[in-house]
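Those protein sequences? They're chains A and B, same order as listed.
Reminder that position 262 of the first sequence reads as 1249 in this note's numbering, one-by-one numbering, no gaps.
Reminder that position 33 of the second sequence reads as 1020 in this note's numbering, one-by-one numbering, no gaps.
Don't be surprised by glycine CBs; every beta carbon is placed ideally from N, CA and C.
What you are looking at is a predicted structure, and each value in this text was computed from that prediction instead of being measured.
Protein chains: 2
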Amino acid sequence: MAVVFSDDEVAAALDGSTAVAAMREALLAAYDGRLVAPPRATAPLRDGRLVMTAGQLADEWYGFRSYDTFGHPDGEQVVVLHDARTGRIRAVAVGEEIGSRRTGALGGAAVDALARPDAGTLGVLGAGRQAWTQVWATAAVRPLREVTVHSRTPAGREAFAARVRAELGVPAWPVADPRAAVRDRDVVVLATTSRTPVLSAADLAPGTHLNAVGFKQVGRSEFGPDLLDRADVLATDSPAQALAYDPPMLAAEPRHAGRLRHLGAVLAGATPGRTGPEQVTVFCSVGLAGTEVALLDRLARATLPRA
Amino acid sequence: MAVVFSDDEVAAALDGSTAVAAMREALLAAYDGRLVAPPRATAPLRDGRLVMTAGQLADEWYGFRSYDTFGHPDGEQVVVLHDARTGRIRAVAVGEEIGSRRTGALGGAAVDALARPDAGTLGVLGAGRQAWTQVWATAAVRPLREVTVHSRTPAGREAFAARVRAELGVPAWPVADPRAAVRDRDVVVLATTSRTPVLSAADLAPGTHLNAVGFKQVGRSEFGPDLLDRADVLATDSPAQALAYDPPMLAAEPRHAGRLRHLGAVLAGATPGRTGPEQVTVFCSVGLAGTEVALLDRLARATLPRA
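What follows is the structure in structure tokens.
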């Protein structure tokens, strides 16, 4: 019988280093073609859609995540992991954690590849689940000295900072002004639900690495378009998915698309990443398909012997 | 946390009457538009595809079944049931039982609607999982006096007959000749994996009802095309799905499509079913999408209080 993971079980069993290592492997596999990730498949229902994002790693596993667009605040997803040799289901995860942990861990892999080796300060805009997993994963790849966080409500940013101190053991402070929260930070995480810019190029110090997790499309973006012009290095976890957004992704517009790098290629050493301490590097997170299944595979292997 | 059902748990918890009642409701809901069942969504992987068949019942539930086309003999599926009010996942089934029980129960609903009221003998071609659930569901809608079964191997048909006697308490006999197995039977179930005819119109007595579960397409069909010409009543659980097959379904060819009735319409009294004891009635089973979720909903409600 397949093992089933709840959100609490995922959160308890998964550490940042393991998750980032799994995502690094998945990015390399996507770059060299072993990880197959087709476009999402959609089934229209009444007032919403069910969506399947699938993936297969060579002869190891295949599976999918399903989610829907009904917009229920407590809606749940599933991730299903099949053994590619037998078709049997090895594991199922019910909830949200696998999805947000893998997005966080992709961000951690980006920080590790693109931020300065000595990066130690982190500024965060946003205090939700996505912001949290970005910090969780960043703490696994850089020894953080300080986290500053801004979100719209004082209670939200205070709780977030307290959680960083408690769970990650890193000094953390809520900041009322978004610009102050990211000023002179080595790493910046943008993980808001804003459709209008909360940050622009002028807010970033030379040498900063930024993970852009929220909206980043033409007409709805949490950062100003000048941010991409400012970036010396622009990378994504899936150029194919970045090119398929509607409305188009800012980083996929003609003047950027040619320089948008595959993070897997950077990890493989096939494309350069940061080449100097003053460069600004930006990671446009799109959520490489198949990586939820890759993370569930890692979790299942850590939790029980392979069938 | 969602409740998770294994195949053994589904088999133990689900009786034929309950399953047929659930499918009857689903057929009526599909006919009156409350059950939404969009075309299947497909994600291509290496050497196979993942497929999602989804459904939504008004404001009650939505969900899907996933399966793949890799052809693993022991491959497993999932069925996922969401509460339509909250988006939360109420139940997940892992394995094959929900899928084959719902196909059986759709067949049981067809037998109940179309076979003679006094039908008591059943002939079966095929001895696999699909043949079994057809007999299981038919026994829930007609008091069976005798089951005769033919399949390619003596061991297979003997084991099947023994299971009918043991689990359903109905006299049952293996028969070496397929024609003899269906001769003068009130109900016939065709549930083989054959791509060439194993039965033709001449093999059926007047008054027979037949459930066609296996291949029924142009160029690959377990029955001869004259069978449909012989049918006085031709019905299916989803005319829309019947029309979407590739290669085309025999019952969807121009000379039949106009008289292919929606089983839900028959159940609703909007279209006549059998109108005389000598008529031959044929049910072309296509597996109405969303019905796996409907059956899981019924199972979950029977097993635990609604969230």
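- Taking 7 angstroms as the Cβ-Cβ cut-off, the region 1029-1050 of chain B approaches chain A at Thr1029, Ala1030, Pro1031, Leu1032, Arg1033, Leu1037, Met1039, Ala1041, Gln1043, Tyr1049, given in chain order.
- Contact between the region 1193-1203 of chain B and the region 1261-1276 of chain B is present: three or more C-beta pairs spanning the two stretches fall below 8 angstroms.
- Distance check between Asp1034 (chain A) and each of B:Gly1074, B:Leu1032, B:Ala1028 places B:Gly1074 closest, using alpha-carbon atoms only.
- Around Asp1171 (chain B), the same chain offers Ala1192 as residues with beta carbons nearer than 6 angstroms, after the five sequence neighbours per side are excluded.
- Ranked by Cα distance from Gly1058 (chain B), the first of B:Arg1052, B:Gly1050, B:Leu1037, B:Val1065 is B:Leu1037.
- In the structure shown, Pro1212 (chain A) falls within a coil segment according to DSSP collapsed to helix, strand and coil.
- In this structure, Ala1238 (chain B) sits near Leu1247 (chain B), with a CB-CB distance shorter than 8 angstroms.
- The region 1087-1096 of chain B makes no contact with the region 1144-1152 of chain B, as fewer than three CB pairs between them are under 8 angstroms.
- Between the C-alpha atoms of Gly1050 (chain A) and Pro1234 (chain A) there is a straight-line separation of about 28 angstroms.
- Annotation: the region 1114-1172 of chain A contains the following complete segments of the alpha helix (DSSP H) (minimum length 4 residues), in chain order: 1116-1125, 1141-1150, 1165-1169.
- The closest CA to that of Ser1053 (chain B), considering only B:Thr1195, B:Ala1041, B:Val1007, is found on B:Ala1041.
- Here the alpha carbons of Pro1165 (chain B) and Arg1182 (chain B) stand approximately 16 angstroms from one another.
- Val1066 (chain B) does not reach chain A, its nearest Cβ partner there being about 10 angstroms away, counting only Cβ pairs nearer than 7 angstroms.
- Residues of chain B whose Cβ lies closer than 8 angstroms to the Cβ of Val1079 (chain A) are, in chain order, Val991, Val1065, Val1079, Val1081.
- Close CB contacts of Val1128 (chain A) within its chain, under the 7 angstroms cut and outside five residues either way in sequence, are with Val1007, Gly1095, Val1098, Asp1099 (chain order).
- The C-beta separation of Leu1275 (chain A) from Ala1080 (chain A) comes to about 17 angstroms, leaving the pair out of contact by the 8 angstroms criterion.
- DSSP places Thr1183 (chain B) in no alpha helix (DSSP H); its state is neither H nor E.
- Listed along chain B are Ser993, Val1081, each with a C-beta nearer than 8 angstroms to that of Met988 (chain A).
- In this structure, the CA atom of Met1236 (chain B) is about 20 angstroms from the CA atom of Thr1056 (chain B).
- With a cut-off of 8 angstroms on Cβ pairs, the region 1103-1118 of chain B is in contact with the region 1130-1144 of chain B, counting three or more such pairs.
- Here Ser1225 (chain B) carries a coil assignment [DSSP, helix/strand/coil].
- With 16 or more neighbouring CB atoms inside 10 Å of its own CB, Met1039 (chain B) falls in the buried class.
- Under the Cβ criterion of 8 angstroms, Asp1164 (chain A) is not counted among the residues facing chain B.
- In this structure, DSSP gives Arg1217 (chain A) a helical state, which the three-state scheme calls helix.
- Assignment of Arg1027 (chain A) by DSSP, reduced to helix, strand and coil, places it in the coil class.
- Against chain B, a Cβ distance below 9 angstroms from Val1023 (chain A) picks out Pro1031, Leu1032, Arg1033.
- With a threshold of 8 angstroms between beta carbons, Ser1053 (chain B) makes contact with chain A.
- The CB of Gly1263 (chain B) never comes closer than 9 angstroms to any CB in chain A; the least such distance is about 40 angstroms.
- In this chain, the beta strand (DSSP E) harbouring Tyr1054 (chain B) covers 1048-1055.
- If you draw a 10 Å sphere on the C-beta of Ala1017 (chain A), you find 16 or more other C-beta atoms in it, and that means buried.
- Residue-level contact check: Ile1085 (chain B) does not touch chain A, since none of the beta carbons of chain A fall below 8 angstroms from its beta carbon.
- Between the alpha carbons of Thr1090 (chain B) and Thr1120 (chain B) lies a gap of roughly 7 angstroms.
- With respect to Ala1124 (chain A), Val1174 (chain A) sits apart: the two C-beta atoms are not nearer than 8 angstroms.
- With fewer than 16 neighbouring CB atoms inside 10 Å of its own CB, Arg1207 (chain B) falls in the exposed class.
- The Cβ-Cβ distance between Arg1072 (chain A) and Asp1046 (chain A) falls below 8 angstroms.
- The DSSP-derived three-state label of Met1039 (chain B) is strand.
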